[in-house]
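Novice:
In the numbering used here, the protein residues as written are 3 to 621.
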């Protein structure tokens with residue numbers, strides 16, 4: 003029996019996964035980061051960099067002095083050979099011949115064991131070969147040979163950081179002095195000192211970073227955190243106050259200072275700052291959100307709700323800021339096991355403003371889906387597509403719901419627009435071809451599949467490409483183009499040799515023509531082995547055995563088909579009667595033929611079989 007296109011469609015349903023709730027809330031900032039997320043949407047004021055000051059002297063500590071040892075001079079012939087071997091090693095490496103390149107590097111180092119470039123290249127091979135000790139020794143030699151090469155020193159520091167913190171510290175402190183324009187060593191030292199809880203040194207590094215980069219929010223916040231850990235509250239708050247003084251026109255830093263006050267119990271000071279900022283800039287979203295946090299922190303729930311409304315319903319506040327705030331509210335509501343109706347009501351009120359950006363409606367739709375409110379999400383998703391027809395997530399979600407509802411018109415409409423807006427999205431062609439097939443539009447099925455196959459790249463999913471050829475094979479067969487159908491099936495099996503649907507249909511059509519029955523039996527047997535409880539595959543295999551004259555074996559498989567639900571198909575029931583007749587069970591054959599007729603079977607020979615009480619082969 004042929005595997006229907008609806009079954010193929012069902013197999014692809016799993017691809018239409020709804021967006022999980024984790025996608026809504028994942029990776030969101032908390033605390034001060036919430037304000038920072040809002041601030042990121044604004045253009046920061048231009049910052050002046052202060053004149054670089056001389057760094058403070060560090061306390062005495064033995065430091066690693068990397069000085070080049072005297073290197074014997076090569077003769078002209080030796081240098082020529084070294085250059086040849088080394089350059090050839092690089093060429094072979096780029097060509098992917100790593101073994102030969104490795105050997106030539108060793109040849110070049112036999113001539114000049116102090117060449118830093120060759121040593122560095124050799125160390126990369128040791129790392130690849132999982133020999134970190136040899137890699138470390140070799141890079142140490144490269145650094146000794148060329149102490150002014152920053153990248154060699156940086157590579158060595160990264161190796162030391164893995165399990166030799168003391169050596170890493172000495173080297174990095176030396177790099178800070180020798181490579182004064184580089185900041186990566188400072189960040190590495192910052193990590194080491196933080197792990198060691200050496201807060202004085204952390205502050206030294208932060209001060210040096212500030213000298214090189216200028217005062218900024220991240221550095222000031224980190225210094226604030228360190229001063230608090232040291233118990234020096236005066237300097238902690240002074241650090242943030244200095245940031246505001248450095249950039250008096252940047253209201254963002256003033257709000258950050260207010261947030262710092264709020265989170266550290268200085269609520270009155272925080273409130274004053276928020277009010278000052280809003281007096282200067284009434285639509286400052288960062289200050290509006292922080293003021294709402296103040297009202298919540300101080301238990302003024304009505305003012306908190308009012309302030310949120312003022313922020314979220316303010317048309318001057320950008321959609322990305324509103325999206326960030328709604329994500330924060332969703333997280334907090336979930337953590338408090340709050341009522342989702344509050345979030346939904348807020349979203350509905352925002353939607354009434356007719357946003358022209360898709361992010362907020364998409365976030366709303368994802369939230370509704372996470373709450374199992376699929377039907378309520380559909381108009382929101384359609385609104386997303388009205389704003390942004392290229393939004394693949396919204397279209398795929400709507401498509402999934404249309405498939406589940408068996409709404410073929412919606413499937414076709416969504417996919418016709420989908421192939422226009424996202425022409426490289428093969429899934430839209432796939433579901434469009436299936437939709438056309440449901441409407442018996444075989445010409446459109448074939449045209450859609452051809453267009454899809456023109457978009458196939460080496461990165462395309464081979465299973466999907468195989469299914470396009472499978473759909474084409476079925477359409478060709480429906481139009482009576484048998485040879486083209488078999489060619490399409492062959493192509494499908496090239497991309498996926500175990501495409502069970504293709505193997506079944508191919509084998510079944512061959513059996514109907516009574517041709518290549520050995521090949522048909524082989525293909526059909528693979529489907530039965532793959533899914534021994536599938537009535538469709540069992541029926542196909544039984545029928546091929548029947549056509550080959552193996553009636554007793556055919557009866558075993560048709561009985562299995564009937565036990566596994568085959569009795570729901572008039573074609574399987576008729577086949578059962580035919581096989582029973584050829585095994586000598588005339589009464590059983592009549593029983594199944596009559597049953598197939600009662601089920602509405604349109605087989606042209608069925609009534610004649612019943613009247614004459616004998617099997618009559620199809621023309």
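The beta-carbon is built from N, C-alpha and C at its ideal position, and this holds for glycine as well.
Quick caveat: nothing in here was measured; it's all calculated off a predicted structure.
(1) Residue ranges of each alpha helix (DSSP H) run of no fewer than 4 residues wholly in the stretch 310-382, ordered along the chain?
(2) If you drop the 5 nearest sequence neighbours on each side, which residues of the same chain put their C-beta closer than 6 angstroms to that of residue 1?
(3) Contact check, residue 598 vs residue 576 under 8 angstroms by CB: the rounded distance?
(4) How many Å lie between residue 438 and residue 444 at the Cα?
(5) Should the stretch 262-276 be called in touch with the stretch 305-317, which here means at least 3 C-beta pairs below 8 angstroms?
(6) For residue 603, which three-state DSSP category applies?
(7) Tell me whether residue 240 sits in a helix, a strand or coil according to DSSP, three-state version.
(8) Use the C-beta contact count for residue 114: other C-beta atoms within 10 angstroms, 16 or more gives buried, fewer gives exposed.
(9) Would you call residue 606 buried or exposed, if buried means 16 or more other Cβ atoms sit within 10 Å of its Cβ?
(10) In three-state terms, what does DSSP make of residue 181?
(11) Among 372, 562, 525, which has the Cα closest to the Cα of residue 541?
(12) Measure how close the beta-carbons of residue 519 and residue 512 come, nearest whole angstrom, since I'm counting them as under 8 angstroms.
(13) If contacts are defined as beta-carbon pairs under 8 angstroms, then residue 156 and residue 117 qualify, I think. What distance do you get, rounded to the angstrom?
(14) To the nearest angstrom, how far is the alpha carbon of residue 620 from that of residue 483?
(15) Would you report the Cα separation of residue 241 and residue 268, rounded to the nearest angstrom?
(16) Smallest Cα separation from residue 291: which of 260, 270, 271?
(17) Give every residue of the same chain whose Cβ lies closer than 6 angstroms to the Cβ of residue 454, excluding the five residues on either side of it in the sequence, and list them in chain order.
(18) Count the other CB atoms within 10 Å of the CB of residue 180; is the residue buried (16 or more) or exposed (fewer)?
(19) Less than 8 angstroms between the CB atoms is what I'm expecting for residue 553 and residue 543, so what's the real figure, rounded?
(20) Taking the beta carbon of residue 499 as the centre, do at least 16 other beta carbons fall within 10 Å, making it buried, or is it exposed?
(21) Going by alpha carbons, who is nearest to residue 162 out of 91, 136, 182?
(22) Residues in the same chain with beta-carbon distance under 7 angstroms from residue 351, minus the five sequence neighbours each way, listed in chain order, please.
(23) Please report the distance separating the alpha-carbon of residue 420 from that of residue 101.
(24) First and last residue of the alpha helix (DSSP H) that includes residue 298?
(25) Out of 214, 246, 77, state which residue places its alpha-carbon closest to the alpha-carbon of residue 223.
(26) Roughly how far, in whole angstroms, is the beta-carbon of residue 190 from the beta-carbon of residue 174, given that I think they are within contact range, below 8 angstroms?
(27) Roughly how many angstroms lie between the CA atoms of residue 168 and residue 198, to the nearest whole one?
(28) Give every residue of the same chain whose Cβ lies closer than 7 angstroms to the Cβ of residue 255, excluding the five residues on either side of it in the sequence, and list them in chain order.
(29) Would the beta-carbon of residue 332 fall within 8 angstroms of that of residue 313?
Specialist: In brief:
(1) 321-337, 342-353, 361-372
(2) Nothing can be reported for residue 1: it is not among the residues displayed for the chain, which extend from 3 to 621.
(3) Residue numbering aside, residue 598 sits at position 596 when the chain shown is read from its first letter. Residue numbering aside, residue 576 sits at position 574 when the chain shown is read from its first letter. Residue 598 to residue 576, Cβ: 4 angstroms. Contact.
(4) Reading the chain shown from its first residue, position 436 is the one you call residue 438. Reading the chain shown from its first residue, position 442 is the one you call residue 444. Cα to Cα, the separation comes out at about 7 angstroms.
(5) no
(6) As a working mapping, residue 603 is identified with position 601 in the chain shown. Residue state, collapsed to three classes: coil.
(7) Residue mapping note: residue 240 aligns to position 238 of the chain shown, counting from 1. DSSP places residue 240 in helix when its eight states are reduced to three.
(8) Along the chain shown, read from residue 1 onward, the residue named residue 114 stands at position 112. So residue 114 ends up on the buried side.
(9) Against the chain shown, residue 606 aligns to sequence position 604. Result: exposed.
(10) Along the chain shown, one-based indexing puts residue 181 at 179. Coil, per DSSP.
(11) As a position in the chain shown, residue 541 is number 539, starting the count at 1. The candidate whose alpha carbon is nearest that of residue 541 is 562.
(12) On the chain shown, position 517 is the one that residue 519 refers to. On the chain shown, position 510 is the one that residue 512 refers to. That belief holds up - the Cβ atoms of residue 519 and residue 512 are roughly 7 angstroms apart, short of 8 angstroms.
(13) Here the question's residue 156 lines up with position 154 in the chain shown. Here the question's residue 117 lines up with position 115 in the chain shown. About 19 angstroms separates the two Cβ atoms, so there is no contact after all.
(14) Walking along the chain shown from the start, residue 620 turns up at place 618. Walking along the chain shown from the start, residue 483 turns up at place 481. Rounded to the nearest angstrom, the two C-alpha atoms are 20 angstroms apart.
(15) Reading the chain shown from its first residue, position 239 is the one you call residue 241. Reading the chain shown from its first residue, position 266 is the one you call residue 268. Approximately 15 angstroms between the Cα atoms of the pair.
(16) Along the chain shown, read from residue 1 onward, the residue named residue 291 stands at position 289. Of the candidates 260, 270, 271, the one whose C-alpha sits nearest the C-alpha of residue 291 is 260.
(17) As a position in the chain shown, residue 454 is number 452, starting the count at 1. Around residue 454: 428, 431, 470.
(18) Walking along the chain shown from the start, residue 180 turns up at place 178. Under this definition residue 180 is an exposed residue.
(19) For the purposes of this step, residue 553 is identified with residue 551 of the chain shown, where counting begins at 1. For the purposes of this step, residue 543 is identified with residue 541 of the chain shown, where counting begins at 1. Rounded, the Cβ-Cβ distance is 14 angstroms, inconsistent with contact.
(20) Walking along the chain shown from the start, residue 499 turns up at place 497. It is exposed - the Cβ of residue 499 has fewer than 16 other Cβ atoms within 10 Å.
(21) Numbered from its first residue, the chain shown carries residue 162 at position 160. Measuring from the Cα of residue 162, the nearest candidate turns out to be 136.
(22) The residue you call residue 351 lines up with position 349 of the chain shown. Cβ neighbours of residue 351 beyond the five flanking positions: 315.
(23) Stepping through the chain shown from its first residue, residue 420 is reached at position 418. Stepping through the chain shown from its first residue, residue 101 is reached at position 99. The alpha-carbon atoms of residue 420 and residue 101 are separated by roughly 49 angstroms.
(24) Within the chain shown, residue 298 is the residue found at index 296, counting from 1. That run of the alpha helix (DSSP H) goes 287-299.
(25) Here residue 223 is taken as the residue at index 221 of the chain shown, counted from 1. Among 214, 246, 77, the Cα nearest to that of residue 223 is on 246.
(26) Here residue 190 corresponds to residue number 188 of the chain shown, with the count starting at 1. Here residue 174 corresponds to residue number 172 of the chain shown, with the count starting at 1. At roughly 5 angstroms, the Cβ-Cβ gap stays under 8 angstroms, so residue 190 and residue 174 are in contact.
(27) One-based indexing of the chain shown puts residue 168 at position 166. One-based indexing of the chain shown puts residue 198 at position 196. C-alpha separation (whole angstroms): 11 angstroms.
(28) Numbered from 1 along the chain shown, position 253 holds the residue referred to as residue 255. Hits under 7 angstroms: 219, 245, 246, 249.
(29) Locating residue 332 in the chain shown gives position 330, where the first residue counts as 1. Locating residue 313 in the chain shown gives position 311, where the first residue counts as 1. No, they are not a contact pair.
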